[in-house]
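Structure first, commentary second.
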Amino acid sequence: MNDFDIIVIGAGAAGLGAAARLAQSPVSFQVLEARARSGGRAFTQSASGHALDHGCGWLHSADRNPWRKLAEAAGFTIDRTEPAWGTQAFDLGFSRDDQQAFSEAAEQFNARVFDAAKSFTAQGFGDQPAAHLFEPCNRWNPLINAVSTYMSAAELEHISVLDLSRYADSEINWRIREGYGTAIAKFGAGLPVSFNCKVASIDHGGIDLRIETSSGTLTAKAVIVTLPPSLLAAGGLQFRPALPRKLEAAEGLPLGTANKLFMKLDRPEDLPADGHLFGRVDRVETASYHLRPFGRPLMEAYFGGALARDLEQEGPEAFFAFACDELALLFGSSIRTRLHFVTATSWALDPFSGGSYSYARPGHADARQKLAQSVDDRLFFAGEACSAHDFSTAHGAYETGVAAAEEALAATLGKAASKAS
C-alpha cells in the first residue's frame, strides 16, 4: 500500500503521540522512521545489567506529564525520589553556606528573567540574550550558566529571555526505573511504523502530497512532520514548493547539546544513593554528577552546551577523562581506580537529531508558534520545538503530536465529508 490518508514522519515521542491518536480514527495512516527503532531522542540501553536512558530520563512536571500516566498504565515503575540538583554530597568543594548563596543568586536571576519578559510583552517588542541579565561580577554567574547548559543544552548568551520565561515546570521530577525510552518504545510497539525509511522530500504542489522516501514514493492527503528543527534547517527534508518561513522558524530553534556519561563504581556504598555533585562551581565548563541513580553501583555524569559538544568531537573516552579529572579534585586521585567507563552519548553527531533539545535564539521566541503552524491544512508540524511551554521535553513532544493529529483529522475527514456530499 502506498496511498494513505495521513503520513507521519518520525517515530519519536511526537510521532508516536500523533499515531496513537490517528489509530483511534477511521483514516489510513503510516509512520515513517529513518532509524531502526522508535523513540527518537528517547532511548534506553541495557548495559552492565541496568537500563540506561541515553536521552530523556526525567519525567519533568510528572504530576501532569502524560508519559507518567501511560507508563503507569503499562506497568512500569515510577520512582518518586526527588532529584538532588543544586546540592553537593558531603559539601565537597561547595560549602552549605555557598550552596544557599548560589540558590538565592539563581532565584534572583530567574526573577530578573521573568521581569524582563513581562516588560517586553507589555511593550509589544524587545528580547535579549538571557546572559545580559547576569548581575555584574556575581561569583555564581558561571554556575548559573552551567545549569543552563543542563536545562537548555546551551549557554545563556545564546538563549532568548522571552523563550526562557515561557518554559512551564511544576518542579515535580520523577523517573521510570525501567527507562523512559523503554516506556516510549513499548507505547509505540503496536503502531504501524516503517523503520529504516528516510524521507527525502514532500511535494505539496498537487492535489495529493507525494512523499519521496528511501523505500519508494507514497501519496497522502496530509502529512505530519515531527523532525527536529536542526534537520529542517539543514535541508534534511525538502519541501516542493519551498517553505522559506518554516526554514526561518527552524533556524531560530537550534538544538543544543547535552550528553551523558555512565560509569560503573567500585565500593558504591561509600557514596549516597541518588546524591549529586557539581564538578566545579567556579566555571561554566563542568559536569553534573548523579551518584548511584536508583541506588545502582553507577554514576551518571551530565554535560551540556559547548563542553558537551567539544568532548563529543573528541570521542566517548574524552567524557570519561574529563569526569575523572573533576572527581579527582573532589575525592582525591584514588577515585580514578574506582571508576570504569560504561558508555557515553553523542547526540550532536547523531544524523537523525543533530542535537539534544531546542532553545530559541534571542529575537526568535515566537519561532515555536511559527514552526507549529500548519500549511494549507495539509502539512502539520509537531515535536518538542513546537511546544509553547513544554519545549525540550518528551511530554511537550507528545502533546504537540496529539494536537497535530487532531488538526490533520479535522482537515482530512472534513474534506472527505465535503467530497461525499
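Residue numbers (my numbering): 154 to 574. Virtual Cβ for every residue (Gly too), placed ideally from N, Cα, C.
Cβ pair residue i, residue j closer than 8 Å
i, j, result
"A547", "W238", "no"
"A525", "F534", "yes"
"Y333", "G457", "no"
"L212", "W327", "yes"
"S368", "S347", "yes"
"G432", "T439", "yes"
"A461", "A411", "yes"
"L205", "T197", "yes"
"A459", "A476", "no"
"P130", "Y551", "The structure shown has nothing for residue 130, since the chain only spans 154 to 574."
"V180", "L562", "yes"
"A373", "A564", "no"
"G405", "A520", "yes"
"K417", "V352", "no"
"F273", "D280", "yes"
"T302", "G168", "no"
"I162", "F182", "no"
"N218", "L371", "no"
"P381", "S506", "yes"
"L385", "L362", "no"
Three-state secondary structure (DSSP) of residue i
i, result
"N155", "coil"
"V180", "coil"
"Y455", "strand"
"K351", "coil"
"W293", "coil"
"P282", "strand"
"S256", "helix"
"D530", "coil"
"N412", "strand"
"S272", "helix"
"F544", "coil"
"V220", "Per the sequence shown, the amino acid found at residue 220 is Trp instead of Val. Helix, per DSSP."
"F267", "helix"
"D423", "helix"
"D356", "strand"
"Y551", "helix"
Beta-carbon separation (whole angstroms), residue i vs residue j, contact threshold 8 Å
i, j, result
"E310", "A284", "4 Å"
"P295", "R436", "5 Å"
"A258", "I312", "Not confirmed; about 18 Å, so no contact."
"R174", "E560", "So it is not a contact: roughly 10 Å between Cβ atoms."
"K413", "T498", "5 Å"
"S441", "I325", "That belief does not hold up - the Cβ atoms of S441 and I325 are roughly 19 Å apart, past 8 Å."
"K523", "A402", "4 Å"
"Y510", "S545", "4 Å"
Open item on the list: Measuring CB atoms only, is the region 477 to 486 touching the region 387 to 401, in the sense that at least three cross pairs come out at less than 8 Å?
Closed with: no
TODO: Identify every run of the alpha helix (DSSP H) within the region 464 to 495, keeping only runs that are complete inside it and at least 4 residues long; order them along the chain.
DONE: 469 to 484
TODO: Assess, as a yes-or-no matter, whether the region 186 to 193 is touched by the region 314 to 329 under the definition of 3 or more beta carbon pairs within less than 8 Å.
DONE: no
TODO: Run through the region 371 to 402 for me and flag every whole alpha helix (DSSP H) of 4 or more residues, listed as ranges in chain order.
DONE: 382 to 386
Open item on the list: Report the start-end ranges of each beta strand (DSSP E) in the region 296 to 351 that is 3 residues or longer and not cut off at the edges.
Closed with: 327 to 329
Task: Any beta strand (DSSP E) of 3 or more consecutive residues that is wholly inside the region 200 to 249 - done: 203 to 206
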